[in-house]
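Remarks on the structure that follows.
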Amino acid sequence: MAIFSAIGSLIAGALFAGSALAATVIGSALAFAASLGFQYLNRPKKRKYTAVQGETQYGGDVPVGTLFGTGKTKGQRAFYAKYGSGNKVNAEVFLLANGWCDGLEPYVYFFGRKRNLVPTVVGGNHVAAYNVAGYGSSILILFFDGRPGQGVDTHLVANTATLGQRWKATSVNAGMAYVVVYRTYDADLFSQGKPEFEFVLRGLREYDPRKDSTVAGGSGPQRIDDPSTWVHTRNPAVHRLNYQLGLRAMISGRTLIGEGKSLGQLDLATYFVAMNVCDTLRGSKPTYQCSLWVTGEDDHTEILKEFDDAMAGYGLNRRGLSGIVAGAPQVPVLEITAEDIPIDRAKDIQFRKSAFERYNHLSGQFLSIEAMWNPESLTPVHVNADVAADGRNRQTSNDFLQVSDPDIAQYLLNIRYRQNRRGGTVTLPVSRRVGLRVQEGEWVIWRGKTWMISEWALDEKFRFTLKLSETDADIYDDGDIEPGPVVIPPTPPVNPSLLSTVQNFDVEAGYMTGAAGYDVPILRFTWEPPEDPTITAVRFFYKVDGTTDVFQDQSVNPETGEYTTTKNVVSGKVYVAQATITTSPDRLKTFTPWMTTAEATGMLTAIAELNHLGGAVRHLFEGLYAELGRVENLIARIQQNLQINGGVSQSIGRQLQQVGASFREEIVILTSDVANVAAATEELIAEFGENLANGMVAFQAVAAPDGVNVRYAILLKAQLGDEFEQSGFFIELYTEDGVIRSRAGFDVDQLVVTGGGGDAIKPFVIEDGVTKMALAHIIKIISGEIEIGKTLINSNGITVSS
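This is the structure:
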């Protein structure tokens, strides 16, 4: 024992000279393994991290940027020139990324469509040349990949030599991947104007130490000092390692992007394992893949977390070496027994997170290639048993915009949900037998559960302490995970000059109040407004379904997209309708398919209106109920609900809390260029086991450029075992179409209005959507049907049943 204490004291004295750091001489930890929950899933991001660079950049004040993996970009326009007869030829240079990149995918986007690239042969220093399918030689794209020593575009130098704006023979764009786009004007091909190109780039060629036989454990021709041996990849662990190594300037060697570490500062053992996990096939696809645009101004921690997120992993700092643990099951290295835990040292055990630190509804998005590299929603992960255990719905999101495969992204969303639900953490003193055999990131067994070591520490007395986070192999089981969403590519836009009829035509039946105050049956036609001035009218043909008499009407304002008619429209009938167009000059025209109204004309539309009104109020109540039990402060909730970024705010509040009961009051004011807000809430929560009583009074006033809103609401929620109920009331003034309106809403099973005591009082009751009253004094009745005993009165007459 004495020799170990002496060794520990010597290390502490040498490294820390008796400072406070001597309490933990050697220690390291996972970056956020023990806190995957509220803090991680809601971490603020300085920008959207994604595989798309969505805007054309101009000027010289653009940060250094590059692409790990494959992504879409508009690039930075660095040069423009026009020449030839009538300046018919236009040439543009777009810088795509720093570093030696792999190439272009065989397609581009412009005019809202995907266009295939056709390889062609053109002499010069470029590494690839393409025409665009359907455009012949009118578009020529030359690609330069940014390799060391790349030459200049000799065609651009020669063609601009006599112009005021010249491309110099020294303009090689050293260390940059770029394209030169030549466009030869053609009135038919470019009738929509100048195309705005979006290129899909296979980004950096990256170093993979597994393929380097000079590295322990590696085998292959790659060398860290020879980029010509590197290859393109979408492996998140390889991306992470190369980001930590950094992209360096070709002459100065200065780090342009990334951390600029050396291999000796990285934990290659963990990287090798993580890279292999990512490449392991799950079905027919690698387990994890991702792509990401990064710049020299990005926060290193944020970028590393995006790579970690793409492999459901955890950043690692082990004995001063930076590494990664990818999301995958492990075999526990040992079992910690009672004999391994010193009884004279304190333990900190938490087998379950509090409900405020766990979520039971996780949604997210991924980057869909089929949707032209736009975000699409994943199937949310929502477990009813977890909602019941937490006592309320707790929702957040985790986007994977660095992932373009829906199946991989869906798998990641499920893993992050399961990791969030595992709540146990333990700070455990252990024996030297355990301390000397384990490392951060490894799994162990303790008290019959599986744990991951998230921290490992050794103090000056040579005593070991582990911090454990609950885990299990079933977190990564994909047996019950559904495939990702199937995204249907968007339909290419239709050339208006080719339209032979209107698009998306439909008809609906309804009624309107006429000048005399009576309801008149109507038909409402809708269509997509055409962007074609030669279409001068839309003609409608309609009839009662099942009959042969066809009636006509027309709209001379086709750009409005809708038209209402009362001509020859009778009540209580289902109609069918079709449409065509009138053009000037005349051309080939066709009819739309026959469309059928969903309902008969007349009073039936009143039911739809009531349903619509009820749906709007129900949607408002859902938003109000979502405020119950939220842990975020009131200012954060207002900013989220009203989409206010920043602003100036003040707040006061008070809170009382004991186990099983709490009270919270908040008053805030917020001013911004979006809206000015004043709000106050009072909330009560009482819990006993699985029984919950929750109530809130909320008062909010909002003034914005497009209107005002002031609302007072009382909201209630209760749970008794498995039975759950919500109820509420609100009254508000709100703005609709520039007009201030008022309304009150009740969400109750039974609404009773009574006039006081006494046997003669007959209450007015609304229950289960039915209004009940003992006596009514009504001046006028407007109704679709009236039923009196066995007598039925409607638009078809009077029917008496036997």
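Start counting the sequence shown at 1; every next residue gets the next number (our numbering). We treat Cβ as the ideally placed atom computed from N, Cα and C, and that holds for glycine.
Query, Result
"Residue burial classification, MET512 (beta-carbon count within 10 angstroms, cutoff 16)", "exposed"
"For TYR476, the residue or residues it bridges with in DSSP", "None, per the DSSP bridge assignment."
"Sequence-distant residues of the same chain with beta carbon closer than 6 Å to LEU792, five excluded per side", "THR799"
"Meets three-Cβ-pair contact criterion under 8 Å: the stretch 73 to 80 and the stretch 89 to 98", "yes"
"Three-state secondary structure (DSSP) of ASN235", "coil"
"Continuous beta strand (DSSP E) stretch holding VAL648: start and end", "648 to 658"
"Cα-Cα separation between THR295 and TYR207, rounded to whole angstroms", "19 Å"
"Extent of the continuous alpha helix (DSSP H) to which ASP102 belongs", "ASP102 -> not in any alpha helix (DSSP H); beta strand (DSSP E) instead, spanning 101 to 110."
"Three-way DSSP call (helix, strand, coil) for LYS211 in this model", "helix"
"Between the CA atoms of GLU683 and ALA34 - distance to the nearest angstrom", "With a pLDDT of 37 at ALA34, under the threshold of 50, the modelled position of this residue cannot be trusted; read the value that follows with caution. Looking at the two C-alpha atoms, the distance is approximately 31 Å."
"Assigned secondary structure, ILE685 (DSSP; H/G/I helix, E/B strand, else coil)", "strand"
"Exposure label - PRO533; buried when at least 16 CB within 10 Å", "exposed"
"Residues near TYR625 by beta carbon distance below 8 Å, same chain, minus five either side", "LEU715, LYS717, GLN726, GLY728"
"Contact under 7 Å by Cβ, LEU620 with THR565", "no"
"Per-residue DSSP class, three states only, for LYS790", "coil"
"Secondary structure of LEU620, DSSP reduced to three states", "helix"
"Contact set for ARG654: own chain, Cβ-Cβ below 7 Å, skip 5 residues either direction", "GLU665"
"Where SER5 falls: helix, strand or coil (DSSP)", "Confidence is the limiting factor: at SER5 the pLDDT is only 38, short of 50, which leaves the residue's position unreliable, though a coordinate-based value still follows. If DSSP states are grouped into helix, strand and coil, SER5 belongs with the helices."
"Three-state secondary structure (DSSP) of SER803", "With the chain represented from 1 up to 802, any question about residue 803 goes unanswered, as that position is not in the structure."
"Coil, strand or helix - THR398 by DSSP", "Going by the sequence as given, residue 398 is Asn instead of Thr. Three-state DSSP puts ASN398 in coil, outside helix and strand."
"Where the beta strand (DSSP E) through PRO119 begins and ends", "113 to 119"
"For THR506, the residue or residues it bridges with in DSSP", "Thr is not the amino acid found at residue 506; the sequence shown has Asp there. ASP506 is bridged to THR526."
"Assumed close pair THR443, PRO332 - CB separation to whole angstroms, cut-off 8 Å", "Residue 443 is actually Trp in this sequence, not Thr. Between PRO332 and TRP443 the Cβ distance is about 4 Å, and since that is below 8 Å, they are a contact."
"Assigned secondary structure, ILE415 (DSSP; H/G/I helix, E/B strand, else coil)", "helix"
"For PRO375, the three-state DSSP class (helix, strand or coil)", "strand"
"Of the listed residues ALA701, PRO106, MET696, VAL753, nearest to ALA678 (C-alpha basis)", "ALA701"
"Sequence-distant residues of the same chain with beta carbon closer than 6 Å to PHE197, five excluded per side", "VAL108, PHE110"
"Segments assigned alpha helix (DSSP H), at least 4 residues, entirely inside the stretch 235 to 304", "236 to 245, 268 to 279"
"Buried versus exposed call for ILE408 [16 or more other C-beta atoms within 10 Å across all chains shown]", "buried"
"Inter-residue CB distance, LEU334 and VAL434 (contact presumed, cutoff 8 Å)", "7 Å"
"Touch test, the stretch 416 to 429 against the stretch 464 to 473, Cβ-Cβ under 8 Å, three pairs minimum", "yes"
"DSSP bridge partner residues for MET176 (one or two, in chain order)", "ASN98"
"Chain-order list of residues whose beta-carbon lies under 6 Å from that of ASN557 (same chain, five-residue window excluded)", "none"
"Whole-angstrom distance between GLY315 and LEU304, CA atom to CA atom", "8 Å"
"Cut-off 7 Å between Cβ atoms - residues of its own chain near ILE788, not counting five sequence neighbours on either side", "none"
"HIS382 (DSSP reduced to helix, strand or coil)", "strand"
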